[in-house]
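Quick mapping for you: the protein sequence lines, in order, are chains R and A. Per this note's numbering, the first sequence starts with residue 1, numbered consecutively. Per this note's numbering, the second sequence starts with residue 1, numbered consecutively. Each residue gets a CB set at the ideal place from its N, CA and C atoms; glycine is no exception. To keep things clear, I will list the structure first and then write my remarks on it.
There are 2 protein chains.
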Amino acid sequence: MAADPAPPLATIAAALRRERDRAGISLTELARRAGIAKSTLSQLESGVGNPSVETLWALGVALGVPFSRLVEPPTAAVRVIRAGEGPRIRSEHADFSATLLAAGAPHARRDVYVMELEPGAVRVAEPHTPRSVEHVVVAAGRMRVGPESDLVELGPGDYATFSGDAPHRYEALAPGTFAVLVMEHP
Amino acid sequence: MAADPAPPLATIAAALRRERDRAGISLTELARRAGIAKSTLSQLESGVGNPSVETLWALGVALGVPFSRLVEPPTAAVRVIRAGEGPRIRSEHADFSATLLAAGAPHARRDVYVMELEPGAVRVAEPHTPRSVEHVVVAAGRMRVGPESDLVELGPGDYATFSGDAPHRYEALAPGTFAVLVMEHP
DNA sequence: AGCGCGCGTTCGTCAAACCGAACAAACCGA
DNA sequence: TCGGTTTGTTCGGTTTGACGAACGCGCGCT
Chain R
1 MAADPAPPLA
11 TIAAALRRER
21 DRAGISLTEL
31 ARRAGIAKST
41 LSQLESGVGN
51 PSVETLWALG
61 VALGVPFSRL
71 VEPPTAAVRV
81 IRAGEGPRIR
91 SEHADFSATL
101 LAAGAPHARR
111 DVYVMELEPG
121 AVRVAEPHTP
131 RSVEHVVVAA
141 GRMRVGPESD
151 LVELGPGDYA
161 TFSGDAPHRY
171 EALAPGTFAV
181 LVMEHP
Chain A
1 MAADPAPPLA
11 TIAAALRRER
21 DRAGISLTEL
31 ARRAGIAKST
41 LSQLESGVGN
51 PSVETLWALG
61 VALGVPFSRL
71 VEPPTAAVRV
81 IRAGEGPRIR
91 SEHADFSATL
101 LAAGAPHARR
111 DVYVMELEPG
121 AVRVAEPHTP
131 RSVEHVVVAA
141 GRMRVGPESD
151 LVELGPGDYA
161 TFSGDAPHRY
171 EALAPGTFAV
181 LVMEHP
């Protein structure tokens, strides 16, 4: 249960590079924003050296990413699991079953919502945090959800997941629609 | 979207102490397991000093906790949010509302399930991973859930969360009951 | 070309993280 | 009461991470 065996020297280097050019800034600029010497940053991105927490923290802040994105390895669009589909776990002696919809991304932050909406109204969400992922399970009613380019229709028990960093929508198709929404941002 | 303003010098100290005596081992012992000098550990728990990533990592491994539990602030316990309660986000121009049920624990792994069960059957779950947390939102029907010591009854839209490291149960009270279950383990 | 600017790397210096040992205090059994 | 053990803290010495300056390179001006 435990532990991460490998000291993440290389992981940090990779994460640092990745996040930096995602932000589209130069090494020099990042060093300036983080208030650290660019020589230090250079070495870190080269995979040598073992930064102090303060240093790495400053970089996390400057990059606008949660600290631990820099230290833990990376992760993984659009899937639908219809009610009754998906890997099922059955109890042998009870009327009970559970379906695994999404295995935990190791270090994602996930917020759980209940969402209610009525037909006619369309909620269009502007893209948020890059690499954020949304999960929806419809509890009652019907709804159309997903990225604008790939809308799907869901009924009770249906599950869908898609990237939150593109424009997407929620639209009820029946009165009394409500759903459980899990927003996962890295 | 960003950032954690406060450098976590003190957070680390606190987390270190907390996790260590949760493990029930002495400072000396922990230092030995982690392969660091006990003097170093002593200072870290005192809140002075700014550990290197390698050092902190070694401590994380020795304690059997995911690295970032040591650097991010702690979290919470057993709560019920009834349908319609809780902080609500309303759209001003649509029949839409969302309720935040659980703010993301920074680095929890969360698995999302849909669970169906019929009355008469009781699913009793043996405790799993320490510090694991379960979230349930009932989609349809009624169910009784929670730790054996504190069962609560939920209807459609109701939400409950509780610790998964104590014996707990799921029990349907009405036919056609199904729920969304989020299991979060650190 | 010649110049200036910003990029990222490399080199010496200094502060500090880490270490090992020595330390007082608390605890336990004889 | 008195040794022996274990607790966690404090004290020099060594290693090393972070800094600033200097460097080579590439690009866009004039």
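Query                                                                                                                        : Result
8 Å Cβ cutoff, GLY157 of chain R in contact with chain A                                                                     : yes
Neighbouring residues, chain A, relative to ILE12 of chain R (Cβ below 9 Å)                                                  : VAL53
C-alpha distance - MET143 of chain A paired with PRO167 of chain R, whole-angstrom precision                                 : 36 Å
Helix, strand or coil at ALA23 of chain R according to DSSP, with G and I counted as helix                                   : helix
Coarse secondary structure for GLY60 of chain A, derived from DSSP in three states                                           : helix
Same chain only: Cβ atoms within 8 Å of GLY146 of chain A, ignoring 5 sequence neighbours per side                           : VAL78, VAL152, ALA160, PHE162, HIS168 and ARG169
7 Å CB neighbourhood of GLY35 of chain A in its chain, flanking five on each side removed                                    : ALA58
C-beta atoms of PRO8 of chain R and VAL71 of chain R nearer than 8 Å                                                         : yes
Contacts that VAL48 of chain A makes with chain R (C-beta to C-beta distance below 8 Å)                                      : Near VAL48 of chain A there are no residues of chain R at all, since even the closest Cβ is about 12 Å away, more than 8 Å.
Euclidean distance between Cα positions of ALA140 of chain A and HIS135 of chain R                                           : 19 Å
Where GLY164 of chain R falls, given that 16 or more other Cβ within 10 Å makes a residue buried                             : buried
Rounded straight-line distance, which links the Cα of ALA179 of chain R to that of GLY155 of chain R                         : 10 Å
Close-in-space but distant-in-sequence residues of the same chain around GLU19 of chain A (CB under 6 Å, 5 per side omitted) : LEU63 and VAL65
Collapsed DSSP secondary structure at SER42 of chain R in the structure displayed                                            : helix
Beta-bridge partners of GLY146 of chain R, as assigned by DSSP                                                               : R:ARG169
Coil, strand or helix - VAL152 of chain R by DSSP                                                                            : strand
Euclidean distance between Cα positions of PRO175 of chain R and SER132 of chain A                                           : 36 Å
Span of the beta strand (DSSP E), counted from its first residue to its last, around ALA139 of chain A                       : 133–140
Burial state of GLY24 of chain R, where buried means 16 or more other Cβ atoms lie within 10 Å                               : exposed
Local Cβ density within 10 Å of ARG22 of chain R, reported as buried at 16 or more and exposed below that                    : exposed
Straight-line gap, MET115 of chain A to LEU181 of chain A (C-alpha atoms, nearest Å)                                         : 7 Å
THR11 of chain R in three-state terms, based on DSSP                                                                         : helix
Identity of the residues DSSP links to THR55 of chain R by a beta bridge                                                     : For THR55 of chain R, which the question treats as bridged, DSSP gives no partner whatsoever.
Where LEU56 of chain A meets chain R, residues with beta-carbon distance less than 8 Å                                       : VAL53
Test item: CB-CB of ARG69 of chain R and ALA10 of chain R under 8 Å                                                          : no
According to DSSP, residues forming a beta bridge with THR177 of chain R                                                     : R:LEU117
Bridge partner(s) assigned by DSSP for VAL124 of chain R                                                                     : R:ARG169
Member of A:VAL122, A:GLU148 and A:TYR113 whose CA lies at the smallest distance from the CA of ASP158 of chain R            : A:TYR113
Cα-Cα separation between SER42 of chain R and LEU27 of chain R, rounded to whole angstroms                                   : 7 Å
Chain A residues whose Cβ lies nearer than 9 Å to that of PRO167 of chain R                                                  : Those within 9 Å of PRO167 of chain R in chain A number zero; the least Cβ separation is about 16 Å.
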